[in-house]
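*Asks:* In the working numbering, the protein residues as written are 126 to 373. Note that the Cβ used here is the ideal one computed from N, Cα and C, for glycine as well. My questions all concern the structure below.
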């Protein structure tokens, strides 16, 4: 199963609270395909990586075309599936920010938020995070040219230690893959977990101002393919108030 969002842009993973096209613990996993190559955004939970791989095939993309996996952050529903995807496609380059690199490679269950999440019942008690090496550390503002697109890294700590958002310029349209950092209507996401801070949002949210974003595509829940910048501008505005902004 997969969902086609636009020409060359597919959702190939997503569990509960999303499209239900892969394991219930998976974040939304996105595939962007060009004429000669392709890339993924996030890896899901690792609880059924084969399901995501089948979805990629059903979308008509040959695995051999996929060059990169861009990680938004290392929490289990995003980073847990990276190792399995790398094992299935050993040629792909895993890209993550410096802060998320350490967590993906060696973060403890406490640092990854899994201790509290398991107490809550959000993960199976026997879930073991599959650590994976990062091939390339992403810098703020770094650009990649892949899948007939320009991909710009925007680092916005807040939801996690050093979340990476990916700004995609493709076919004269601008998409922001915002991970768990920003949702529709300016909603942000803090969790009771190591590295999740309002200070991060306050210090970095301004990087998203004036970007002319058409599509705002988070890792869970609803997305929009038009008018994305107004949702981001709302988040920026509310972070200037003394009251806390709305949270997911």
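Tell me the DSSP secondary structure of residue 191 in three-state form.
*Replies:* Looking at residue 191 - three-state DSSP - the assignment turns out to be strand.
*Asks:* Would you identify the three-state DSSP class for residue 253, choosing helix, strand or coil?
*Replies:* Here residue 253 sits in coil by DSSP.
*Asks:* When the Cα atoms are used, what is the spatial distance from residue 312 to residue 373?
*Replies:* Their Cα atoms are separated by approximately 6 Å.
*Asks:* If you follow the alpha helix (DSSP H) that residue 181 is in, where does it begin and where does it stop?
*Replies:* Where residue 181 is concerned, the enclosing alpha helix (DSSP H) stretches over 174-183.
*Asks:* Could you check which residue in 154, 182, 136 has the C-alpha nearest to that of residue 170?
*Replies:* Checked all of 154, 182, 136; the closest Cα to residue 170 is 154.
*Asks:* On a CA-only basis, which of 344, 371, 252 is nearest residue 203? Give me that one, please.
*Replies:* Considering only alpha carbons, the answer is 344.
*Asks:* Can you tell me whether residue 275 is helix, strand or coil according to DSSP?
*Replies:* Residue 275 falls in the strand class under three-state DSSP.
*Asks:* Taking 7 Å as the threshold (C-beta atoms), are residue 208 and residue 257 in contact?
*Replies:* It is a contact, given that the beta carbons lie within the stated cut-off.
*Asks:* Is DSSP giving residue 202 helix, strand or coil here?
*Replies:* Helix, per DSSP.
*Asks:* Is the region 357-365 close to the region 225-235, with three or more CB pairs under 8 Å?
*Replies:* No: the two stretches stay apart, fewer than three of their Cβ pairs being nearer than 8 Å.
*Asks:* Output needed for residue 180: all residues of its chain with C-beta closer than 7 Å, excluding positions within five of it in sequence on either side, in chain order.
*Replies:* So the list reads 126, 127, 137, 138, 146, 147, once near-sequence residues are dropped.
*Asks:* Between which two residues does the beta strand (DSSP E) harbouring residue 299 extend?
*Replies:* Segment 298-304, the beta strand (DSSP E) holding residue 299.
*Asks:* Which residue comes first and which comes last in the beta strand (DSSP E) that contains residue 368?
*Replies:* It is not in any beta strand (DSSP E) - residue 368 carries neither H nor E in the DSSP assignment.
*Asks:* Taking 8 Å as the threshold, find out whether the region 323-337 comes into contact with the region 277-286 through three or more Cβ pairs.
*Replies:* Because the criterion of three Cβ pairs below 8 Å is met, the region 323-337 and the region 277-286 touch.
*Asks:* Using 7 Å as the threshold, is the C-beta distance between residue 288 and residue 198 below it?
*Replies:* Cβ distance < 7 Å, so residue 288 and residue 198 count as in contact.
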